[in-house]
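1 is the number of the first residue of the sequence shown in UniProt numbering; add one for each residue after it.
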Amino acid sequence: MQKRFNFKEVAPNALKAMVGLEMYLSKASISKTSKELIKIRASQINGCAYCINIHTQDAIKNGETNQRIFLLNAWREAEDIFTEEEKVVLAITEEITLIYQNGLSDDTYSTALQFFSETQIADIITAIITINLWNRVVLSTHLPIGQSLA
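Dropping the structure here:
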């Protein structure tokens, strides 16, 4: 890959705003497990090796199992591995990450309301939007695995 500009140097205020989203999410109403599942699954869909690398490591530090990480991209077929709440989070993640297909469906949203408050759903959406933003910055700038963005 061709080396590209350093986002932190070129757009420090944009990076500051992105970090602000992360600060909000650090106090959000959803679990750390859900946040990491969102980050990993969206990064898988977007093909962001940099973010997959970081967030699988973070998930393991947070107590996530290798099995669940390995099966994450096939979560629909891994019936008893993920809770019903996690399956809803993953469905929302996929639908919003692939927003151009159909967006967040009424069925998925209705199911989410069975498990989460509107505030929690807003936090789930914010987490999905935020990781998609990071994925796009990393992929667009060809940030190598192991190099710091922030």
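Where is the CB? At the ideal position from N, CA and C, for every residue including glycine.
Values in this document were obtained by computation on a predicted structure and should not be read as measured data.
Between the CA atoms of residue j and residue i - distance to the nearest angstrom
i: LYS32; j: HIS142; result: 27 angstroms
i: ASN132; j: MET18; result: 11 angstroms
i: SER110; j: PHE82; result: 19 angstroms
i: ALA74; j: LEU90; result: 11 angstroms
i: GLN147; j: LYS8; result: 12 angstroms
Beta-carbon proximity of residue i to residue j, cut-off 7 angstroms
i: ASN53; j: ILE128; result: no
i: ILE40; j: LEU72; result: yes
i: THR108; j: ILE92; result: yes
i: TYR50; j: VAL137; result: no
Residue burial classification, residue i (beta-carbon count within 10 angstroms, cutoff 16)
i: ILE38; result: buried
i: SER34; result: buried
i: GLN114; result: exposed
i: PHE5; result: exposed
i: THR65; result: exposed
i: THR56; result: buried
i: SER43; result: buried
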